[in-house]
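Notes to accompany the following structure.
There are 2 protein chains.
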Amino acid sequence: MHDLTLEDIARQAGVSRSTVSRVVNNQPNVSPEVRKNVLRTIRTTGYHPNAAARSLASQRSWMLGLVLPRNTSSFFTDPYFPHLTQGIAYACNNHNYTLSLFLVGNEEDEKKISPRISRRGLLDGILVQSGQAGDKMLDQLTRSSVPLVVLGRPFEVDGVSYIDVDNINAAKKATQHLISLGYQRIGMITGAKTSTVSQDRHEGFMKAFAGAGKVPDLSLIAEGDFSENSGYLAMQRLLPLRPDAVFAQSDIMAVGAIKALEETGLKVPGDVALVGFDDIPVTSLTNIKLTTVRQPITRFGIKAVELLIDLIEKGAEPARRLILDTELIVRESCGASKLLGNRGDLRS
Amino acid sequence: MHDLTLEDIARQAGVSRSTVSRVVNNQPNVSPEVRKNVLRTIRTTGYHPNAAARSLASQRSWMLGLVLPRNTSSFFTDPYFPHLTQGIAYACNNHNYTLSLFLVGNEEDEKKISPRISRRGLLDGILVQSGQAGDKMLDQLTRSSVPLVVLGRPFEVDGVSYIDVDNINAAKKATQHLISLGYQRIGMITGAKTSTVSQDRHEGFMKAFAGAGKVPDLSLIAEGDFSENSGYLAMQRLLPLRPDAVFAQSDIMAVGAIKALEETGLKVPGDVALVGFDDIPVTSLTNIKLTTVRQPITRFGIKAVELLIDLIEKGAEPARRLILDTELIVRESCGASKLLGNRGDLRS
DNA sequence: GTGAAAGCGCTAACAG
DNA sequence: CTGTTAGCGCTTTCAC
Chain A
183 MHDLTLEDIA RQAGVSRSTV SRVVNNQPNV SPEVRKNVLR TIRTTGYHPN
233 AAARSLASQR SWMLGLVLPR NTSSFFTDPY FPHLTQGIAY ACNNHNYTLS
283 LFLVGNEEDE KKISPRISRR GLLDGILVQS GQAGDKMLDQ LTRSSVPLVV
333 LGRPFEVDGV SYIDVDNINA AKKATQHLIS LGYQRIGMIT GAKTSTVSQD
383 RHEGFMKAFA GAGKVPDLSL IAEGDFSENS GYLAMQRLLP LRPDAVFAQS
433 DIMAVGAIKA LEETGLKVPG DVALVGFDDI PVTSLTNIKL TTVRQPITRF
483 GIKAVELLID LIEKGAEPAR RLILDTELIV RESCGASKLL GNRGDLRS
Chain B
183 MHDLTLEDIA RQAGVSRSTV SRVVNNQPNV SPEVRKNVLR TIRTTGYHPN
233 AAARSLASQR SWMLGLVLPR NTSSFFTDPY FPHLTQGIAY ACNNHNYTLS
283 LFLVGNEEDE KKISPRISRR GLLDGILVQS GQAGDKMLDQ LTRSSVPLVV
333 LGRPFEVDGV SYIDVDNINA AKKATQHLIS LGYQRIGMIT GAKTSTVSQD
383 RHEGFMKAFA GAGKVPDLSL IAEGDFSENS GYLAMQRLLP LRPDAVFAQS
433 DIMAVGAIKA LEETGLKVPG DVALVGFDDI PVTSLTNIKL TTVRQPITRF
483 GIKAVELLID LIEKGAEPAR RLILDTELIV RESCGASKLL GNRGDLRS
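The listed protein sequences derive, respectively, from chains A and B. So for the first sequence, my numbering puts the first residue at 183; every next one is plus one. So for the second sequence, my numbering puts the first residue at 183; every next one is plus one.
Structure, rendered in structure tokens:
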């Protein structure tokens, strides 16, 4: 059975190709009866328009690309990316776009993927995870003519549209919280210092101190890489310096830190208080109720897609940016409940 | 600057469109010098062929679809899916295919996604996660003319190609291991009973007993749904029945089970021995070294893609199946090291 | 080894 | 409201 075409449907319904096209695309200028008639033969024949032909003729593929660069090794270990991907997939679906996924594992992948992404006619728009400084892939994509939205602030923001959460304020709130609880030796476990996320959260940390008229002990800042193990190791390095509270730049690192503390027999928050970032369901990873900065990961993905579609439809110039708010979720690991006599979740 | 076409390159290189096409597609019948020449102008102009036009003319999109149906809610909580996706993405990349992702969240998604998948000209092949019994989407895809590989044994295997791990044998090995260690009250935490994975592992469990000339206590079989929490709850239900060993059908459920045991003050493996399934890095989730059945998740994804490509290139008939082997990884949670005086990893 | 020409199946003016 | 027509940019016979 040879595949059906518009032509076939037109013939069967006794109308022209254009009319069928109009019906398929839900366009006006078709009489109700003709439309109903055409719709019926489409249904009975099981006709589906050919995607390639449509893309070629309309210069629109209805396809969005999600590019996750190599440094995103935590794709498998950090629930962040699955959640993000889900939000993106959901939104694509909602807006009738198809999502294609480009996981760039190494340089070799990059070489094979790059030209594929650049092919005209394949993608109507691109979502790319903000990477480390000097990310070639991002540079290259930025130069292409396909509408682009960067997930997370990129290093070079000139002329590129991006979406991000307000990392500076978020980290500031988290740190202020610890300061206000009276902790005196507040440390931080950062992500890779070459990432903008980590830099922004670092800045928020500093701002909180500045705002309180205090100066942080910089030796209490340990670098991680957003992986759990790095949080574990960072906390081990921090321990001899006797911090009484630590702000971990991701929940997963906070979990690692907790492991390190438990191994040493230290209590959270009794001996060391902890605040995380993400609000990922870590309850499954540790029994400690983690105080954390909640970022709307799924919503982030949805908004990213909507921004991208807007750029596609209304033009990518001028570049736009969208910053989402976060929320400090006070639970037990920061010691607030004990110190202040509160119980359960508290939103500030 | 208007996008470049083959025509443009042909003109600039002083040859015909066909010749450029041959060069682009690495076909023979082009003299070395002409080829070199064309290649150069392609490079200097930064020409990239149009994907839609190519698909339309060649009836090949070089695009594969990965469909994860709604019951795959564990996409975010179980590392299994990120790993699988990574293997698939890697293999697609390697074979010059682009991967598109269809996460089917609910019925509404299904309605929007189905026609998109069925569109001719979009996908050269489809990978679909095996679902629950009566999965409409799978049924529908099976009926379509696009080559299809099901991930995991489907309910109806007639005429459909699929890839799976040898769940029966794997579960049998795991259970035999517990039996051989002398446990007398061996329980099991299953996945949803409507899934083939769970059914097969159930069968393996039974076979191990049969092979040992024993009869399992069926009341020690508790149903979960592959989520951690379900493992936790299942173990709570099991505890009053005093099992001395439990085979959890996934590592994540094993972790839940461990939580339940720890809460009750019971030791693993001292009070209850445990064997999991997957060999996911759960070390981050619990301090217990889990004895488990290792399944090659990433390789599973790679093999699935390769099988699908084979079907695309050599025809989908007759249906093929590929069963991957598993390996029992003996660590500490089964109590083997204590009972047998062994240490560390032991592969059976 | 190379080029001309005929589509691939659809959209989108433009007439009518 | 409907049909005619001209492409979209490439692949692929088929001559030469």
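Cβ coordinates follow ideal geometry from the N, Cα and C atoms, glycine included. Values in this document were obtained by computation on a predicted structure and should not be read as measured data.
Interface residues of chain B facing P297/A [CB-CB closer than 8 Å]: On the first sequence, residue 297/A is found 115 positions in, with the first residue counted as 1. The contacting residues are H230.
Kindly list the residues whose CB is nearer than 8 Å to the CB of D527/A, restricted to its own chain and excluding five residues on each side of it in sequence; keep chain order. Taking the first sequence and counting its residues from 1, one reaches residue 527/A at position 345. Note that D527/A scores a pLDDT of 46, beneath 50, so its modelled location is shaky and nothing firm can be said.
According to DSSP, simplified to helix, strand and coil, what is A390/B? As a position in the second sequence, residue 390/B is number 208, starting the count at 1. Helix.
Residues that Q381/A contacts on chain B, provided the C-beta gap is smaller than 7 Å: Taking the first residue of the first sequence as 1, we reach residue 381/A at position 199. Near Q381/A there are no residues of chain B at all, since even the closest Cβ is about 26 Å away, more than 7 Å.
Where does the unbroken alpha helix (DSSP H) through G369/A begin, and where does it stop? Taking the first residue of the first sequence as 1, we reach residue 369/A at position 187. From DSSP, G369/A is part of no alpha helix (DSSP H) but of the beta strand (DSSP E) over 368 to 372.
Would you give the residue range spanned by the beta strand (DSSP E) that Q311/A belongs to? The count along the first sequence starts at 1 and reaches residue 311/A at position 129. Element bounds for Q311/A: 307 to 311.
Using a beta-carbon distance below 8 Å, is G526/A in contact with chain B? For the purposes of this step, residue 526/A is taken as residue 344 along the first sequence, with counting starting at 1. The predicted model places G526/A with a pLDDT of 42, which falls under 50 and marks its position as unreliable; any figure quoted below should be read in that light. No, its Cβ sits nowhere closer than 8 Å to a Cβ of chain B.
Mind listing, in chain order, the continuous alpha helix (DSSP H) runs of no fewer than 4 residues lying wholly within the stretch 207 to 231 of chain B? 214 to 227
Rounded to a whole number of angstroms, what is the C-alpha to C-alpha distance between E444/B and R383/B? The residue given as residue 444/B occupies position 262 in the second sequence. The residue given as residue 383/B occupies position 201 in the second sequence. Going from the Cα of E444/B to the Cα of R383/B covers about 26 Å.
Pick from L421/B, E405/B, S377/B, D426/B: whose alpha carbon is nearest that of M435/B? For the purposes of this step, residue 435/B is taken as the residue at position 253 of the second sequence. When only C-alpha atoms are compared, the closest one is E405/B.
8 Å Cβ cut-off: residues of chain B touching N278/A: The count along the first sequence starts at 1 and reaches residue 278/A at position 96. Simply K294, R298.
R301/A CB to nearest chain B CB: under 8 Å? Residue 301/A sits at position 119 when you count from the first residue of the first sequence. Yes, contact with chain B.
Where G196/B falls: helix, strand or coil (DSSP): Taking the first residue of the second sequence as 1, we reach residue 196/B at position 14. Coil, per DSSP.
Between the CA atoms of V202/A and A235/A - distance to the nearest angstrom: Residue numbering aside, residue 235/A sits at position 53 when the first sequence is read from its first letter. Residue numbering aside, residue 202/A sits at position 20 when the first sequence is read from its first letter. Each residue's alpha carbon lies about 15 Å from the other.
Return helix, strand or coil for S412/A, following the three-state DSSP convention. The residue you call residue 412/A lines up with position 230 of the first sequence. S412/A falls in the helix class under three-state DSSP.
Going by beta carbon distance, what residues of the same chain come within less than 7 Å of Y229/A, once the five residues before and after it are set aside? To locate residue 229/A, count along the first sequence from 1; it is residue 47. The answer, listed in chain order, is L186, I191.
Note down the Cα distance separating L188/B from G287/B, rounded to an integer number of angstroms. Position 6 of the second sequence, counted from the first residue, corresponds to residue 188/B. Position 105 of the second sequence, counted from the first residue, corresponds to residue 287/B. Answer to the nearest angstrom: the Cα atoms are 41 Å apart.
Which chain A residues sit within Cβ distance under 8 Å of D291/B? The residue labelled residue 291/B in the question sits at position 109 within the second sequence. Under the 8 Å cutoff, chain A gives Y272, N275.
Would a check of beta-carbon distances place G307/B closer than 8 Å to chain A? As a working note, residue 307/B is residue 125 in the second sequence. Taking Cβ atoms only, chain A never reaches closer than 8 Å to G307/B, which makes this a no.
Reduced DSSP category for A233/A - H, G, I as helix; E, B as strand; rest coil: The count along the first sequence starts at 1 and reaches residue 233/A at position 51. Looking at A233/A - three-state DSSP - the assignment turns out to be helix.
In chain order, what residues of the same chain lie with their CB nearer than 7 Å to the CB of V454/B, ignoring the 5 residues before and after it? In the second sequence, residue 454/B corresponds to position 272, counting from 1. Here the set comprises P425, D426, A427, V428, L443, L448.
Cβ of V328/A within 8 Å of Cβ of L305/A? Reading the first sequence from its first residue, position 146 is the one you call residue 328/A. Reading the first sequence from its first residue, position 123 is the one you call residue 305/A. Against a cut-off of 8 Å, the Cβ pair of L305/A and V328/A comes out as a contact.
Give me, in chain order, the residues of the same chain whose beta-carbon lies closer than 7 Å to that of S326/A; leave out the 5 immediate sequence neighbours on both sides. Locating residue 326/A in the first sequence gives position 144, counting from the first residue. Excluding sequence neighbours, S326/A sits near S300.
Do G395/A and D433/A have their CB atoms nearer than 8 Å? Here residue 395/A refers to the residue found at position 213 of the first sequence. Here residue 433/A refers to the residue found at position 251 of the first sequence. Remark: C-beta atoms of G395/A and D433/A do not approach each other more closely than 8 Å.
Would the stretch 257 to 274 of chain B count as touching the stretch 276 to 287 of chain A if we require 3 or more Cβ pairs under 8 Å? yes
Host beta strand (DSSP E) of S282/B (start-end): Sequence index remark: in the second sequence, residue 282/B carries index 100 (1-based). Note, S282/B: beta strand (DSSP E), 280 to 285.
Out of I470/A, V475/A, K485/A, R502/A, which one is the CA nearest neighbour of G517/A? For this step, residue 517/A is matched to residue 335 along the first sequence. Nearest option by C-alpha distance: I470/A.
Ordered list of beta strand (DSSP E) runs contained in the stretch 402 to 455 of chain A, each at least 3 residues: 403 to 405, 427 to 430
Quick check on the burial criterion: 16 or more other C-beta atoms within 10 angstroms. Buried or exposed for D507/A? Mapped onto the first sequence, residue 507/A falls at position 325. Answer is exposed; the Cβ neighbour count stays below 16.
How many angstroms separate the CA atom of R481/B from the CA atom of I345/B? Counting from one through the second sequence, the residue named residue 481/B turns up at place 299. Counting from one through the second sequence, the residue named residue 345/B turns up at place 163. R481/B and I345/B: Cα-Cα distance of roughly 11 Å.
Identity of the residue in L281/B, T227/B, P214/B nearest Q194/B by Cα: In the second sequence, the residue the question calls residue 194/B occupies position 12. Comparing Cα positions, the closest option is T227/B.
Which term fits D407/A, buried or exposed, when burial requires 16 or more other beta carbons within 10 angstroms of its beta carbon? As a working mapping, residue 407/A is identified with position 225 in the first sequence. By the neighbour-count rule (16 or more Cβ atoms within 10 Å), D407/A is buried.
List the DSSP bridge partners of Y344/B. Position 162 of the second sequence, counting from 1, holds the residue named residue 344/B. V332/B, R503/B, per the DSSP bridge assignment.
Can L246/B and L320/B be called in contact, C-beta distance under 8 Å? Counting from 1 along the second sequence, the entry for residue 246/B is found at position 64. Counting from 1 along the second sequence, the entry for residue 320/B is found at position 138. Their beta carbons are not under 8 Å apart, which means L246/B does not touch L320/B by this criterion.
If contacts are defined as beta-carbon pairs under 8 Å, then L402/B and L423/B qualify, I think. What distance do you get, rounded to the angstrom? Along the second sequence, read from residue 1 onward, the residue named residue 402/B stands at position 220. Along the second sequence, read from residue 1 onward, the residue named residue 423/B stands at position 241. Right, the Cβ-Cβ distance comes to about 6 Å (below 8 Å), so this counts as a contact.
Going by CA-CA distance only, name the one from D461/A, Q418/A, I295/A that's closest to Q431/A. Working through the first sequence from its first residue, we reach residue 431/A at position 249. Ranking the options by Cα distance to Q431/A, first place goes to D461/A.
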